[in-house]
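Below is one structure, written out as structure tokens; the observations come after it.
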Amino acid sequence: MNRDVRVFVHPQGLCDSDDVGDGTRVWAFAHILRGARVGRDCNVCDAAYIEGGAVVGDRVTVKNQVMIFEGVEIGDDVFLGPGVAFTNDLTPRARIKRHGDALLGTKVEQGATLGARVTVVCGVTIGENAFVGAGAVVVRDIAPHAFVVGNPGRQIGWACECGERLPDDLVGGCGRAYELVGGRLRSASA
Numbered sequence: 001m002n003r004d005v006r007v008f009v010h011p012q013g014l015c016d017s018d019d020v021g022d023g024t025r026v027w028a029f030a031h032i033l034r035g036a037r038v039g040r041d042c043n044v045c046d047a048a049y050i051e052g053g054a055v056v057g058d059r060v061t062v063k064n065q066v067m068i069f070e071g072v073e074i075g076d077d078v079f080l081g082p083g084v085a086f087t088n089d090l091t092p093r094a095r096i097k098r099h100g101d102a103l104l105g106t107k108v109e110q111g112a113t114l115g116a117r118v119t120v121v122c123g124v125t126i127g128e129n130a131f132v133g134a135g136a137v138v139v140r141d142i143a144p145h146a147f148v149v150g151n152p153g154r155q156i157g158w159a160c161e162c163g164e165r166l167p168d169d170l171v172g173g174c175g176r177a178y179e180l181v182g183g184r185l186r187s188a189s190a
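Quick note: the sequence shown uses full-length UniProt numbering, first residue 1, plus one each step.
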């Protein structure tokens, strides 16, 4: 690991990557493998696993027992709740080792939240500021600001940038107002 980078690694944590941003904290039993890219000011909690070839943006919260595998790209300011699991192979077999282009990539865009124990099946994009409720199974793309629950995950509303589910008038508790345009949510001031 590059010793010029100011990264905190708990004595029982492992950080084998040379590409971890300043201010990031890696807690006990977490493991960041060589070849993983982790941004600035991230919090990688106990027993989290970030595989080589995974990309984690800046200011990301990776709670306990999160598993991020090769081919997964996490945007800035994303919250990954306890036990979130990403997959990267739709047809896994123990005897077949797939890497790189043989895997299906997954992208979580800026500001999204994935609640506890969310499972993300590979090959999807979770849009900016989307909110995926605890225990959901994501099997298809999720629109920006979508509020998604269930197995399989289904949209039941919209989420404000502040994280709250939007009421019918599309004005969040924080005062942000939105409008639906062509089935997509956008800021009313845009």
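All C-beta atoms in this analysis are idealised placements derived from N, C-alpha and C, irrespective of residue type, glycine included.
Exercise. Fully enclosed by the region 24-106, which beta strand (DSSP E) runs are 3 residues long or longer?
Worked result: Those beta strand (DSSP E) runs which fall completely within the region 24-106 and span 3+ residues are 72-74.
Exercise. Nearest to Y49 by CA position, among Y178, G172, L14, is which residue?
Worked result: Locating residue 49 in the sequence shown gives position 49, counting from the first residue. Put simply, of Y178, G172, L14 the residue whose alpha carbon is nearest the alpha carbon of Y49 is L14.
Problem set entry | Residue range of the unbroken beta strand (DSSP E) whose run includes V149 | Within the sequence shown, numbered from 1, the residue matching residue 149 stands at position 149. It spans 146-149 - the beta strand (DSSP E) in which V149 sits, taken as one unbroken run.
Problem set entry | Among S187, D41, R186, M67, the one whose alpha carbon lies nearest that of D77 | The residue given as residue 77 occupies position 77 in the sequence shown. Nearest C-alpha to D77: D41.
Exercise. In its own chain, which residues sit with a C-beta less than 7 Å from the C-beta of D168, not counting the 5 before and 5 after it?
Worked result: In the sequence shown, the residue the question calls residue 168 occupies position 168. For D168, same chain residues with a beta-carbon under 7 Å away, outside a window of 5 residues either side, do not exist.
Exercise. Considering only residues of the same chain and omitting the five flanking positions on each side of A159, which have a CB-CB separation below 8 Å?
Worked result: Along the sequence shown, read from residue 1 onward, the residue named residue 159 stands at position 159. Cβ neighbours of A159 beyond the five flanking positions: T113, N129, A130, F131, H145, A146, F147, R165, L166.
Problem set entry | Rounded C-alpha distance that separates K97 from N88 | Locating residue 97 in the sequence shown gives position 97, counting from the first residue. Locating residue 88 in the sequence shown gives position 88, counting from the first residue. Taking the CA atoms as reference points, K97 sits about 12 Å from N88.
Problem set entry | Residues bridged to E155 [DSSP beta-bridge criterion] | Start at 1 with the first residue of the sequence shown, and residue 155 comes out as number 155. The residue asked about is misnamed: residue 155 is Gln in this sequence, not Glu. Q155 is bridged to V148.
For this session: Spatial neighbours of G52 within its chain, please: CB distance less than 8 Å, with the 5 preceding and 5 following residues excluded, ordered by chain position.
Result: Stepping through the sequence shown from its first residue, residue 52 is reached at position 52. The residues are S17, L33, R34, G35, A36, E70.
Problem set entry | Residue(s) in a DSSP beta bridge with R165 | Start at 1 with the first residue of the sequence shown, and residue 165 comes out as number 165. According to DSSP, residue pairing for R165 in a beta bridge involves A159.
Exercise. Would V124 pass as a contact of V138 if the rule is Cβ separation under 8 Å?
Worked result: In the sequence shown, counting from the first residue as 1, residue 124 sits at position 124. In the sequence shown, counting from the first residue as 1, residue 138 sits at position 138. Cβ atoms of V124 and V138: closer than 8 Å.
Exercise. How long is the line joining the alpha carbons of F8 and H31, rounded to whole angstroms?
Worked result: Start at 1 with the first residue of the sequence shown, and residue 8 comes out as number 8. Start at 1 with the first residue of the sequence shown, and residue 31 comes out as number 31. So the two alpha carbons sit approximately 13 Å from each other.
Exercise. From F29 to N64, what does the alpha carbon distance come to, in whole angstroms?
Worked result: Sequence index remark: in the sequence shown, residue 29 carries index 29 (1-based). Sequence index remark: in the sequence shown, residue 64 carries index 64 (1-based). Cα to Cα, F29 sits roughly 10 Å from N64.
Problem set entry | Start-end ranges of the beta strand (DSSP E) lying completely within the region 113-150, minimum 3 residues | DSSP runs (the beta strand (DSSP E)) wholly in the region 113-150: 146-149.
Exercise. My guess is that G133 and G115 are in contact by the Cβ rule of under 8 Å, so how many angstroms apart are they, rounded?
Worked result: Walking along the sequence shown from the start, residue 133 turns up at place 133. Walking along the sequence shown from the start, residue 115 turns up at place 115. Contact between G133 and G115 holds, since their C-beta atoms are separated by about 5 Å, short of 8 Å.
For this session: Starting from R184, trace the beta strand (DSSP E) both ways and give me its first and last residue.
Result: Here residue 184 refers to the residue found at position 184 of the sequence shown. Bounds of the beta strand (DSSP E) holding R184 are 184-187.
For this session: Give the DSSP bridge partners of E179, in chain order.
Result: Here residue 179 refers to the residue found at position 179 when the sequence shown is read from its first residue. Paired residue(s): R186.
For this session: Taking only the alpha-carbon atoms, compute the straight-line gap between G172 and C162 and give it to the nearest angstrom.
Result: Residue numbering aside, residue 172 sits at position 172 when the sequence shown is read from its first letter. Residue numbering aside, residue 162 sits at position 162 when the sequence shown is read from its first letter. Answer to the nearest angstrom: the Cα atoms are 8 Å apart.
Problem set entry | Cross-strand partners of V108 (DSSP beta bridge) | Numbered from 1 along the sequence shown, position 108 holds the residue referred to as residue 108. I74, I126.
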